[in-house]
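What follows is one structure encoded as structure tokens, with my remarks underneath.
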Amino acid sequence: MITLAENLYLDLRKRVVAGEWDVGQRINEKELAESLHVSRTPLRKALQEICKEGLLDYTKNFGYHIKLISIDDVNEIYKIRTSLEKLAFKEASKNLTKKSIDDINKILEYSEFAASKKDSESLIKYSNEYNEEIYKLAKMPRLRIIQTGLQNYLSRFRQISFSGDEGDRSRLAVEEHRLILEAMIGKDEAKLNAIIEQHLNRSYEYIVEIVNYENNKAKEMEIEDN
Numbered sequence: 001m002i003t004l005a006e007n008l009y010l011d012l013r014k015r016v017v018a019g020e021w022d023v024g025q026r027i028n029e030k031e032l033a034e035s036l037h038v039s040r041t042p043l044r045k046a047l048q049e050i051c052k053e054g055l056l057d058y059t060k061n062f063g064y065h066i067k068l069i070s071i072d073d074v075n076e077i078y079k080i081r082t083s084l085e086k087l088a089f090k091e092a093s094k095n096l097t098k099k100s101i102d103d104i105n106k107i108l109e110y111s112e113f114a115a116s117k118k119d120s121e122s123l124i125k126y127s128n129e130y131n132e133e134i135y136k137l138a139k140m141p142r143l144r145i146i147q148t149g150l151q152n153y154l155s156r157f158r159q160i161s162f163s164g165d166e167g168d169r170s171r172l173a174v175e176e177h178r179l180i181l182e183a184m185i186g187k188d189e190a191k192l193n194a195i196i197e198q199h200l201n202r203s204y205e206y207i208v209e210i211v212n213y214e215n216n217k218a219k220e221m222e223i224e225d226n
């Protein structure tokens, strides 16, 4: 049976990844506990677990606040992600079946519809399903474990990418997902790698722009508080 602290952890982690609090923003434990109708002990335990995952920072006499993602973090994560995805998609292409192609195409159709409606929540859901399907097809469990280690950052990046988008970037991302599938079906590794790099570079450039904006905003808030 799931404990109160575990339930709080899952709920708060989802809210942190979804960007409910601004980067650098302090989480007021007292106010949060009152709004959730829980005591501060299980809440603090949940926040400690989220802090261990690198999504929060803790400062004495200030408390928990949303961790700033540095440009160095983004650079490192995207270098690792590019290498992982090239390998995952290459291996997945060896294991494609008619059913798996149909399943991925269905996910892409849902993604296209969500993009046309500017439905960022559904786009994130289908983007996750697309990647889950690829890593499942790759049949490399240790690769999946490594990728899971980046999941907190990747989830946050997807949230940034799709939220507030007017539609063009989302539609382009879905188109690139379809081009990647076509390259996989054609067993064209050079084309596959080129599209993956293009896809991730577009995402990287936008994430850098947003991270710079969020970090500058957080610094301004810190100056005002002082």
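Under the working numbering, the letters of the sequence shown match residues 1 to 226, in that order. Where is the CB? At the ideal position from N, CA and C, for every residue including glycine. For clarity, every value in this text was computed on a predicted model and none was experimentally measured.
- Here T82 has L200 as same chain residues with Cβ atoms under 6 Å from its own Cβ, once five neighbours each way along the sequence are excluded.
- For D11, the enclosing alpha helix (DSSP H) stretches over residues 4-17.
- The Cβ neighbour count for A194, taken over all protein chains shown within 10 Å, is under 16; the residue is labelled exposed.
- Taking every protein chain shown into account, the CB of H177 has 16 or more other CB atoms within 10 angstroms, so this residue is buried.
- In the three-state scheme derived from DSSP, where H, G and I count as helix and E and B as strand, L55 is classed as coil.
- Under the three-state reduction of DSSP, H177 is assigned to helix.
- Closest in alpha carbon position to T148, among I160, I196, Y135, is Y135.
- Taking each of Y213, F89, L68, E112 in turn and checking the Cα distance to E132, the smallest one comes out for F89.
- DSSP places I66 in the uninterrupted beta strand (DSSP E) bounded by 63-66.
- CA-to-CA, the gap between A173 and L108 works out to about 10 Å.
- Under the DSSP assignment, S100 falls in the alpha helix (DSSP H) whose first and last residues are 98-116.
- Remark: C-beta atoms of S155 and V17 approach each other more closely than 8 Å.
- Taking 8 Å as the cut-off, the beta carbon of L84 is found no closer than this to the beta carbon of L10.
- Burial state of I185 is exposed, judged by a 10 Å Cβ sphere holding fewer than 16 other Cβ atoms.
- For E129, the uninterrupted alpha helix (DSSP H) run begins and ends at 120-138, by DSSP.
- Scanning its chain for C-beta atoms nearer than 7 Å, with the 5 sequence neighbours on each side dropped, one finds around L32 the residues L43, in chain order.
- Taking a cut-off of 8 Å for Cβ pairs, the segment 43-57 and the segment 87-103 do not touch, as fewer than three such pairs fall below it.
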